[in-house]
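**Q** The following block contains the structure, expressed as structure tokens.
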Amino acid sequence: MTKKLLLSTTLLAALTFQGPAAVAQSAPTLSGQKPLVIAHRGASGYLPEHTIEGYKLAIQQGADFIEPDLVSTRDGVLVVRHEPMLSGTTDVADRPEFANRKTTRKVDGVDTTDWFANDFTAAELKTLKAKQAFADRDQSHNGKYQIPTFQEVIDLAKAESARTGRAIGIYPETKHPTYHAALGLAFEDKLLDMLKAAGWTDKTAPVFIQSFETANLKYLRPKTQLRLVQLVDGDGVDKDGKVTLAAPFDRPYDFAVLGDKRTFQDMLSAEGLKEIATYADGVGPWKPYLIGAKQTIGADGKPQDLNGDGVIDERDRTLIAPTNVVKDAHAAGLLVHSWTFRSEPKRLASDFKGDAGAEYKAFFALGLDGLFSDFPDQAVKARDGK
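Numbering-wise (my numbering), the sequence shown opens with residue 1066 and increments by one.
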């Protein structure tokens, strides 16, 4: 199995020396099927994230899966937000009736001051409106859309599957399991119950459950046949294109609580991937773990502004050789779903020349089984060779 998953010398040369756009042939996925396009928080490059409207747009754009991040309300209802903190994606800070809900809590060991979903009932959260989380994206839809419950996302996926005649999957993430458990709001069993009620119980179901922590995935493993995915994070990327590790993004938070010194980087070693395969069906590494991009450092010791626009960003980095993570994961029998792909030129390495399609093709060429995109339409176009 592993031989066909190796990058050929020709492919590596094309990626390294001719640029990723020159790669014309994709390496095979683990299953041999075409890779999945997962709508990251919906079509979040176009509409406010985690809204029914954003999910509908992603489905219209051809996404195979939509991703709801799950947090719990005070009354135990699963709602869809990227974080328990609400100010970055809703209008809660502008709502005087909730001014006294602002508080400080520890999230993954870090004191965080905000409004937290677990201090609201589901009915109260329904009065809030979503907003675009990225300041450089379209803000014209702010204040228009409600926060959906997880049940509403399940219902949407089923309705759209029936309407379109194709299976629309869901890819829920259990956000901050240790945090929720400490509040008495652990929701893994509730999640399984809701998926069972939807008729989704086995590996053929259009469902993946993901987590940056390990303990809750290990808890879920004997309880379900649904596919589980271990997410792998990092803090940043250094000048040489390598992922940096700093708390709380250096290791699963349950590792930190237990004093386990292993890092996310350790989890992506050949041995670490084999261990993940004992409790998960896939791994979800941050994309710099697969192909990094380095800065050019000048004589003054500072990164060079390669395009001369006066700003240092991704456009001033150049790609380095791909790692063995995809190959090693496939050898361990793990699917690889990487994140997050964003189409703005300032978020693309210089090799891609502002062409998001070139980035998608470079990563698909590694044999990715799926990827998370804020712009599902562009991911689908690149995957399907359009």
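Glycine is no exception: its CB is placed at the ideal position from the N, C-alpha and C atoms.
For R1316, count neighbouring C-beta atoms within 10 Å of its own C-beta (all shown protein chains included) and say buried if the count is 16 or more, exposed if not.
**A** For this step, residue 1316 is matched to residue 251 along the sequence shown. Classification for R1316: buried.
**Q** Taking 7 Å as the limit between beta carbons, can you name the residues of its chain near R1139, skipping five residues before and five after?
**A** For the purposes of this step, residue 1139 is identified with residue 74 of the sequence shown, where counting begins at 1. Same-chain partners within the cutoff: N1183, D1184, F1185 and T1186.
**Q** Pick from T1229, R1160, V1172 and E1336: whose alpha carbon is nearest that of Q1125?
**A** As a first step, residue 1125 is located in the sequence shown; it is residue number 60 there, counting from the start. The shortest C-alpha separation from Q1125 is found at T1229.
**Q** Would you tell me roughly how many angstroms separate the C-alpha atoms of I1425 and K1307, rounded to the nearest one?
**A** The residue you call residue 1425 lines up with position 360 of the sequence shown. The residue you call residue 1307 lines up with position 242 of the sequence shown. For the record, residue 1425 in the displayed sequence is Tyr; it is not Ile. So the two alpha carbons sit approximately 20 Å from each other.
**Q** Could you please give the first and the last residue of the uninterrupted beta strand (DSSP E) stretch that includes A1394?
**A** Along the sequence shown, read from residue 1 onward, the residue named residue 1394 stands at position 329. Note, A1394: premise wrong, no beta strand (DSSP E); alpha helix (DSSP H) at V1390 to A1396.
**Q** Check the C-beta distance from I1356 over to P1387 and give it rounded, since I have them as a contact under 8 Å.
**A** Position 291 of the sequence shown holds residue 1356. Position 322 of the sequence shown holds residue 1387. Sure, about 5 Å apart at Cβ, within 8 Å.
**Q** On the DSSP bridge list, what partners appear for H1241?
**A** Working through the sequence shown from its first residue, we reach residue 1241 at position 176. Partner(s): none; H1241 has no beta bridge.
**Q** Can you list, in chain order, the stretches of the beta strand (DSSP E) that have 3 or more residues and sit fully within the stretch 1222 to 1280?
**A** Counting only runs of 3 or more, we get 1273 to 1276.
**Q** Would you kindly report the start and end of the unbroken beta strand (DSSP E) that includes A1104?
**A** As a working mapping, residue 1104 is identified with position 39 in the sequence shown. L1101 to A1104 is the span of the beta strand (DSSP E), which, as asked, contains A1104.
**Q** Ends of the alpha helix (DSSP H) at G1453?
**A** What is shown of the chain runs 1066 to 1451, which leaves residue 1453 out entirely.
**Q** Based on DSSP bridge pairs, tell me the residues matched to H1402.
**A** On the sequence shown, position 337 is the one that residue 1402 refers to. According to DSSP, H1402 bridges with G1435.
**Q** Taking only runs that begin and end inside the stretch 1147 to 1177, name each unbroken beta strand (DSSP E) of 3 or more residues, in chain order.
**A** Runs of the beta strand (DSSP E) inside the stretch 1147 to 1177: 1168 to 1172.
**Q** Since P1441 is in the beta strand (DSSP E), which residue starts that stretch and which ends it?
**A** Position 376 of the sequence shown, counted from the start, is the residue given in the question as residue 1441. Segment P1441 to R1448 is the alpha helix (DSSP H) holding P1441; no beta strand (DSSP E) there.
**Q** Helix, strand or coil: how does DSSP classify Q1197 here?
**A** Locating residue 1197 in the sequence shown gives position 132, counting from the first residue. Coil.
**Q** Could you tell me the boundaries of the beta strand (DSSP E) in which Q1360 lies?
**A** Here residue 1360 refers to the residue found at position 295 of the sequence shown. Q1360 -> beta strand (DSSP E) spans A1358 to Q1360.
**Q** Quick one: measure Cβ to Cβ for S1408 and V1102, integer angstroms, because I've assumed they're closer than 8 Å.
**A** Walking along the sequence shown from the start, residue 1408 turns up at place 343. Walking along the sequence shown from the start, residue 1102 turns up at place 37. In fact, because the Cβ distance is near 13 Å, the residues do not count as touching under 8 Å.
**Q** May I have the straight-line CA-CA distance separating T1081 from S1096, to the nearest angstrom?
**A** Walking along the sequence shown from the start, residue 1081 turns up at place 16. Walking along the sequence shown from the start, residue 1096 turns up at place 31. Reliability fails at T1081, whose pLDDT of 38 lies under 50, so the model's placement of it is uncertain and the value that follows must be treated cautiously. Cα-Cα distance, rounded: 26 Å.
**Q** Is the beta carbon of P1441 sitting closer than 8 Å to the one on A1195?
**A** Taking the sequence shown and counting its residues from 1, one reaches residue 1441 at position 376. Taking the sequence shown and counting its residues from 1, one reaches residue 1195 at position 130. Contact flag unset, no.
**Q** Please state whether DSSP places P1350 in a helix, a strand or coil.
**A** Working through the sequence shown from its first residue, we reach residue 1350 at position 285. In this structure, P1350 counts as strand in the three-state DSSP scheme.
**Q** With burial defined as no fewer than 16 other Cβ atoms inside 10 Å of the residue's Cβ, what is the status of E1114: buried or exposed?
**A** Position 49 of the sequence shown, counted from the start, is the residue given in the question as residue 1114. Answer is buried; the Cβ neighbour count reaches 16.
**Q** Among residues of its own chain, excluding the 5 on either side of D1173, which ones have a beta-carbon nearer than 6 Å to its beta-carbon?
**A** As a position in the sequence shown, residue 1173 is number 108, starting the count at 1. Once the five neighbours on either side are set aside, the close Cβ partners of D1173 are P1313 and Y1318.
**Q** Based on the DSSP secondary-structure assignment, which residues constitute the bridge partners of G1301?
**A** As a working note, residue 1301 is residue 236 in the sequence shown. Note: G1301 sits in a beta bridge opposite T1309.
**Q** If we count the other Cβ atoms within 10 Å of its Cβ and call it buried at 16 or more, is L1323 buried or exposed?
**A** If you number the sequence shown from 1, residue 1323 lands on position 258. Exposed, since its Cβ has fewer than 16 Cβ neighbours within 10 Å.
**Q** Is L1256 near P1237, with beta carbons less than 8 Å apart?
**A** In the sequence shown, counting from the first residue as 1, residue 1256 sits at position 191. In the sequence shown, counting from the first residue as 1, residue 1237 sits at position 172. Taking 8 Å as the Cβ cut-off, L1256 and P1237 qualify as a contacting pair.
**Q** Which two residues bound the contiguous beta strand (DSSP E) that contains L1122?
**A** Here residue 1122 refers to the residue found at position 57 when the sequence shown is read from its first residue. Run containing L1122: none in the beta strand (DSSP E); it sits in the alpha helix (DSSP H), I1117 to Q1125.
**Q** Applying the 10 Å Cβ sphere with the 16-neighbour rule, what's the burial state of N1165?
**A** For this step, residue 1165 is matched to residue 100 along the sequence shown. When all chains shown are included, N1165 counts as exposed.
**Q** Distance check for T1154 and V1175, CA to CA, integer angstroms please.
**A** Residue numbering aside, residue 1175 sits at position 110 when the sequence shown is read from its first letter. Residue numbering aside, residue 1154 sits at position 89 when the sequence shown is read from its first letter. About 20 Å.
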